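Asks: Chains as they are written, first to last, in our numbering: chain A, 381 to 718; chain B, 381 to 718; chain C, 381 to 718; chain D, 381 to 718.
Just so it is clear, CB atoms sit at the ideal spot from N, CA and C, and this is done for glycine as well.
Owing to the predicted nature of the structure, the values given are computational and were not obtained by experimental measurement.
4 protein chains.
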Amino acid sequence: MGSIYGKTLKISVFGQSHSPAIGVTIDSFPAGHAVDMEALSRFMSRRAPGRDKYSTPRREADVPEFLSGIKDGVTCGAPICAVIRNTDAHSRDYDKLSGIPRPSHADYTSTVKYGGFADMSGGGHFSGRLTAPLCVAGALCLGALERNGVKVSASVESIGGVSGSEEEMLSVISDARRDGDSVGGIIRCVADGVPVGLGDPIFDGMENRIASIVFGIPGVRGIEFGRGFEAASMRGSEHNDPFTVKDGRVVTDTNNHGGILGGITSGMPVDFRVAMKPTPSIGKEQKSVNLKEMRETELTIGGRHDPCIALRALPCVEAACAIALLDAWLESGLPLAV
Amino acid sequence: MGSIYGKTLKISVFGQSHSPAIGVTIDSFPAGHAVDMEALSRFMSRRAPGRDKYSTPRREADVPEFLSGIKDGVTCGAPICAVIRNTDAHSRDYDKLSGIPRPSHADYTSTVKYGGFADMSGGGHFSGRLTAPLCVAGALCLGALERNGVKVSASVESIGGVSGSEEEMLSVISDARRDGDSVGGIIRCVADGVPVGLGDPIFDGMENRIASIVFGIPGVRGIEFGRGFEAASMRGSEHNDPFTVKDGRVVTDTNNHGGILGGITSGMPVDFRVAMKPTPSIGKEQKSVNLKEMRETELTIGGRHDPCIALRALPCVEAACAIALLDAWLESGLPLAV
Amino acid sequence: MGSIYGKTLKISVFGQSHSPAIGVTIDSFPAGHAVDMEALSRFMSRRAPGRDKYSTPRREADVPEFLSGIKDGVTCGAPICAVIRNTDAHSRDYDKLSGIPRPSHADYTSTVKYGGFADMSGGGHFSGRLTAPLCVAGALCLGALERNGVKVSASVESIGGVSGSEEEMLSVISDARRDGDSVGGIIRCVADGVPVGLGDPIFDGMENRIASIVFGIPGVRGIEFGRGFEAASMRGSEHNDPFTVKDGRVVTDTNNHGGILGGITSGMPVDFRVAMKPTPSIGKEQKSVNLKEMRETELTIGGRHDPCIALRALPCVEAACAIALLDAWLESGLPLAV
Amino acid sequence: MGSIYGKTLKISVFGQSHSPAIGVTIDSFPAGHAVDMEALSRFMSRRAPGRDKYSTPRREADVPEFLSGIKDGVTCGAPICAVIRNTDAHSRDYDKLSGIPRPSHADYTSTVKYGGFADMSGGGHFSGRLTAPLCVAGALCLGALERNGVKVSASVESIGGVSGSEEEMLSVISDARRDGDSVGGIIRCVADGVPVGLGDPIFDGMENRIASIVFGIPGVRGIEFGRGFEAASMRGSEHNDPFTVKDGRVVTDTNNHGGILGGITSGMPVDFRVAMKPTPSIGKEQKSVNLKEMRETELTIGGRHDPCIALRALPCVEAACAIALLDAWLESGLPLAV
């Protein structure tokens, strides 16, 4: 399994849902950045489970321990390793699943790929829990970006097809939970203050880079930039963003291009939307297959699960965006203040 | 600029719209594969311009010359380099644009990034013309996949928001051309016969890999797998694909997951959709900025342009998908017949 | 700083001499390998300090904790992370050095490169202590290779220019220690049982791969394969290794080529030698510079140091060789038994 | 086969000895560098065969055609591709070898590795001819380095064990040629004017980077930095280089460290030596094996061969060094003037 992202800034995520710990190694993070541990903790708590009735009651402090790369609260240039202990794992909940793959999970594919050696307890290395170390890395990148005037912010645009007031969206989740079911959602992420010049043409464009890390968040089914799929219904005269001069800077009147032209940031906000599928772990009985006996069977998943992963995915999407931007920044040769 | 894709199989695309040639180097392509030059030529002609009234009248043979890596029509294991000469370039059409960036093009961002040294004539390295070498690499990969039972096929799903009969979609394009305008479109790509086990968790999943190369095709604004953005409106009980046994194989009743679970192919068809924006080069007068004088101005783009790039993008999407699949295949350790 | 090695099997080393822990993340290690913890422990103890009077009296258990990637003693395919706590660090010994770079150490270059943010206490990320996680990764690779018939073994060939009996070599070290000085040495490493076909031409040859990791061991000043520098004095008729048939296999009569031809292993033993410089930390007073005041000064290094790092480098060289071989093996497509 | 070097600046070499062409793609070369075609041509002619009686009479103009990445003689930021046509290949000379591997060549290992599909005519992708594209890339890098005050220069230190006057060394070559034999040699390479701060600790040190590319030159058997293997016989008090202040800069009195400390350049000259084996192709009859019949046989190699590859390897070593330095420079964040 290869779980490394990045070209200059390299993020290597490790751990399984029920291994002693999960964590992340961050290579080539620039030296001299003070790490705001309180901001990190607040950021982590947005992803953490068990905060309210809309997410899984599994409780984990998710406080990372930094093993290296930070001296007196400041990055020293050496690789940063942060680990989070797995303290509240109920592997018993999962053990009974073995041999019967959960629908829309990685159980079946990982069993075939790793010849039965995969540790799939709790989802193993495929678990949404692995987004915690992603968020640790993201928090550091968000901090560095903020010091350089960039603000990344994700919000829920719709839940189960319903957009509008928070109340309405939350009631869609409550309904799904009550039915032992789950719902999907759409997340929008905007990065303001991005300089012109991040990203490269063709395969290393900002879209490629952001998509490549965002699909690392379990449950993501689609990504679109600017007007995205809507652009396919538009005419060029409507979709093109006219250039203009404002306060001595070149900007565009509209931002249908989502802040990226030719793979390179334009100085307009980077703007993209992410589709999250409904949580595959649901309380209802489902149809599956007993792999040993190669016969159909029924399956009921116990354990604790979010009825809607889109909520807790918000900081993950921000983290992913920040990592992709900082990686491109380090390659761009543009100055980065500490 | 970094224009290399792939982890094991490495595709390096080079060339500008008006440089002496464009081309591709393919590293680590397995030895022993006979290259079907006729199939390659047919494949290239699907991407080539000037075939009908729906595409640009610019005519280029686009016949690649293989400089290395092939001996007596069979790959020999050494890096393959293929070049296509640029014979029919009218740089004069483009020269007058210099200093005034075309809306929704890379002119502005590349000028800032490369300090004015970028060769943007005809779109330079950002031109859609660079998809020709991508298709050469793709054709080789498609051949190797076909010999192993995999068939990749892309089709137009809608043009300018209109789906349905080919006639209707083409008339949308004709209308746009008549108005000196352009339209976008949606492409669906399906890969049948993919074995279980290609791709890895987290950052090297098949979605990440496919997205990462598909965004290398100019004009792509979004990508979704399986039910994609629609999944965000669904419930888990509806979206989950029940496993079942068919002809002694584990399959799913439905394919909402688009043939990928946990980043790993499931044996079901890999299925994704791509949103293409309307061609940014349109005949109508547009608003832009004179970068030297930092004042607003008008711009009319001459030259020859496709009113809808989605049509010619079909083989490009197939090529991108095939390259991503073969790269993952080579890493998977699964046998690949020659 | 970038501390990642490997193309398929990726080894990412982290930690500073005085950070809470040091460790390694191993990506893409194949699933299904039982880890022999006793063999690992024996291997680590060969590198560990404080074993005898020829090495530094600093004592560290150097017992790695595996945080991920191993389930019930068997690799599960997910990234493996192992950490070693830094329990016996005397940073006080080093603190007085700050501002005065130790000759032949990384103090000066790291201070300039990382703008003064580098954590150089105890050598920081540049410390020989970072070879402990390298050895953890190496032990796993050695285990996998052994199960496949490959045995890697390093030995001391000379110390301070003296080869011959162990007694003589050790007395060279004792003399240096007595004088508050240090000595260098030459290590020879041989890998038996390597199959034909590991490595690639040009930049990914086995020599490139092995050299690239061996220079990651602090103090290495040179590497040579087969007859190495001696080959420069030979004639072709003397240096060429005639092919012959033995027990139905193609072998060579001599092994001047050191088991690698055209970057690819030949089936003969892989054979190389490594030059280690004398430990730069010596007890004698040395000349250096006060960087703040830009004036010359004297420096005496306290702390505990090996008079000869070549001894403890033996398992490190074996580890480096094993990692390079296994990485090439995974890419070669040759079967690897678990 | 993987023939790509570099982390930021990526050099991809392609071609076989008898393919239509050989060449190189250079990715991420900075924009704005004027290419001095005359200097390039002079540089290439130092590597070119057929210049005098000490090298093979095979004559090739070796004038590269730049297909992309250069506009009006200046790099434009897009990938640079340069090709050299193979015009003077006598494959007939080589055809008779097929099935009988030449001693100390890649014939045997490549045949096993690529299942008999390798194109080994004239040495194929393993041929020393592939150093021509390496030199093209190197010439561009040397130009960029020179504009920034860095001068790389390689010289022959000894031939066949004889150092001293040029005349003596050349007579060693003449003697070998007369005997239908060949000799090895040692090359020393020095880079002056290198700034402090290129390279990284552990696996990405300048030694690792330089070794990794230098072993890409066919025939290299060893590399050593600074005092190299000699350092193994020295004491620390002798080998350590005292820091001092000179003209307001921190320098060392001696340069036993070869300009690299902790993997990072120190500002002192980068200084290394390379051992080249004697040319494996000799006129004398040799012992080998008929692979089809698995029986021993005799082999006499025809064709044209250098009796000593060390001479023509000089520009190759300079090229390799320059590429490694520029790659590290681009990553270092240090400014690079155009």
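Provide the residue span of the alpha helix (DSSP H) that contains Val-552/A, from first to last.
Replies: Its alpha helix (DSSP H) spans residues 546–558.
Asks: At what residues does the alpha helix (DSSP H) containing Asp-487/A begin and finish?
Replies: 487–493 is the extent of the alpha helix (DSSP H) around Asp-487/A.
Asks: Which residues of chain C have a Cβ atom closer than 8 Å to the Cβ of Ala-411/A, listed in chain order?
Replies: Near Ala-411/A (Cβ distances below 8 Å), the residues of chain C are Tyr-494, Gly-495, Phe-497 and Ala-498.
Asks: How long is the line joining the alpha carbons of Val-574/C and Asp-707/C, rounded to whole angstroms?
Replies: Near 13 Å, if we compare the C-alpha coordinates of Asp-707/C and Val-574/C.
Asks: Nearest chain C C-beta to Ala-717/B closer than 9 Å, yes or no?
Replies: For Ala-717/B, the answer is no, since every Cβ of chain C falls outside 9 Å of its Cβ.
Asks: In chain D, what lies closer than 8 Å to Thr-645/C by C-beta?
Replies: Those are Thr-489, listed as they occur along chain D.
Asks: Taking 9 Å as the threshold (beta carbon to beta carbon), is Ala-704/B in contact with chain C?
Replies: Chain C, which has no Cβ nearer than 9 Å to the Cβ of Ala-704/B, makes this no.
Asks: Ends of the beta strand (DSSP E) at Gly-523/D?
Replies: Run containing Gly-523/D: none in the beta strand (DSSP E); it sits in the alpha helix (DSSP H), 511–526.
Asks: Does DSSP put Ala-612/B in a helix, a strand or coil?
Replies: Helix at Ala-612/B.
Asks: Could you name the residues of chain A that Ile-384/B contacts, counting a contact when the two beta carbons are closer than 7 Å?
Replies: Simply Phe-583.
Asks: Tell me the rounded alpha-carbon separation between Phe-446/C and Arg-675/C.
Replies: So the alpha carbons of these two residues sit roughly 47 Å apart.
Asks: Applying the criterion that 16 or more other CB atoms from any shown protein chain within 10 Å of the CB defines a buried residue, is Ala-411/D buried or exposed?
Replies: Buried: at least 16 other Cβ atoms inside 10 Å.
Asks: Who are the neighbours of Ser-562/D on chain C, taking C-beta pairs under 7 Å?
Replies: Arg-615 and Gly-616, listed in chain order.
Asks: Assign Glu-711/A to one of two classes, buried (16 or more other C-beta atoms within 10 Å of its C-beta) or exposed (fewer than that).
Replies: Buried, by the Cβ-count rule.
Asks: Under the three-state reduction of DSSP, which class applies to Phe-652/C: helix, strand or coil?
Replies: Here Phe-652/C sits in strand by DSSP.
Asks: For the stretch 601–610 of chain B against the stretch 386–406 of chain C, are there 3 or more C-beta pairs whose distance is under 8 Å?
Replies: Contact fails: fewer than three Cβ-Cβ distances are below 8 Å.
Asks: Report yes if the CB atom of Lys-664/B is closer than 9 Å to the CB atom of Thr-677/B, and no otherwise.
Replies: No. Outside cutoff.
Asks: Please confirm whether Ala-708/A has its beta-carbon closer than 9 Å to some beta-carbon of chain D.
Replies: Chain D contact via Cβ: absent.
Asks: Against Val-463/A, what residues of chain C qualify as contacts under a CB-to-CB distance less than 8 Å, listed in chain order?
Replies: Here the neighbours are Leu-447, Cys-461 and Val-463.
Asks: Can you tell me whether Gly-502/C is buried or exposed? The criterion is at least 16 other CB atoms within 10 Å of its CB, across all chains shown.
Replies: Buried, since its Cβ has 16 or more Cβ neighbours within 10 Å.
Asks: Which residues in the same chain have their Cβ closer than 7 Å to the Cβ of Asp-633/C, if we skip the five residues on either side of it in sequence?
Replies: Asp-621, Pro-622 and Thr-624, listed in sequence order.
Asks: Does DSSP put Ile-662/B in a helix, in a strand, or in coil?
Replies: The answer is coil: DSSP assigns Ile-662/B none of H, G, I, E or B.
Asks: Would Met-648/A and Val-669/A be called neighbours here (beta carbons separated by less than 9 Å)?
Replies: Going by C-beta atoms, Met-648/A is not nearer than 9 Å to Val-669/A.
Asks: Tell me which same chain residues have a C-beta within less than 6 Å of the C-beta of Ala-462/D, skipping the five on either side of it?
Replies: Only Gly-403, Val-404, Pro-444, Phe-446 and Val-516 meet the Cβ criterion.
Asks: When you compare the CB of Val-393/C with every CB in chain D, is at least one pair closer than 9 Å?
Replies: Closer than 9 Å to some Cβ of chain D, the Cβ of Val-393/C qualifies, so yes.
Asks: Apply the 10 Å Cβ neighbour rule to Asp-452/D and answer buried if 16 or more other Cβ atoms are within range, or exposed otherwise.
Replies: Exposed: under 16 other Cβ atoms inside 10 Å.
Asks: Whole-angstrom Cβ separation of Gly-596/C and Phe-595/D, contact assumed at under 8 Å?
Replies: Not quite, the Cβ-Cβ distance comes to about 15 Å (not below 8 Å), so this is no contact.
Asks: Give the DSSP bridge partners of Arg-601/A, in chain order.
Replies: According to DSSP, Arg-601/A bridges with nothing at all.
Asks: Rounded to the nearest angstrom, what separates Val-718/B and Ala-534/B at their Cα positions?
Replies: Near 24 Å, if we compare the C-alpha coordinates of Ala-534/B and Val-718/B.
Asks: Using the rule of at least 16 other Cβ atoms within 10 Å of the residue's Cβ for burial, across every protein chain shown, is Asp-580/D buried or exposed?
Replies: So Asp-580/D ends up on the buried side.
Asks: Bridge partners of Cys-461/A, per DSSP?
Replies: For Cys-461/A, which the question treats as bridged, DSSP gives the partners Thr-405/A and Ser-448/A.
Asks: Spatial neighbours of Gly-638/A within its chain, please: CB distance less than 7 Å, with the 5 preceding and 5 following residues excluded, ordered by chain position.
Replies: Excluding positions up to five away in sequence, the list reads Phe-605, Gly-606, Val-650, Asp-651 and Phe-652.
Asks: Do you know how far the Cα of Arg-589/B is from the Cα of Ala-704/B?
Replies: Cα to Cα, Ala-704/B sits roughly 6 Å from Arg-589/B.
Asks: Per the contact definition of three or more C-beta pairs closer than 8 Å, is the stretch 681–697 of chain D in contact with the stretch 542–558 of chain D?
Replies: Yes, they touch.
Asks: Apart from the five residues on each side of it in sequence, which residues of its chain come closer than 7 Å, Cβ to Cβ, to Gly-479/D?
Replies: Excluding sequence neighbours, Gly-479/D sits near Asn-670, Leu-671 and Lys-672.
Asks: Which of helix, strand or coil does DSSP assign to Ile-640/C?
Replies: Of the three classes helix, strand and coil, the one that applies to Ile-640/C here is strand, per DSSP.
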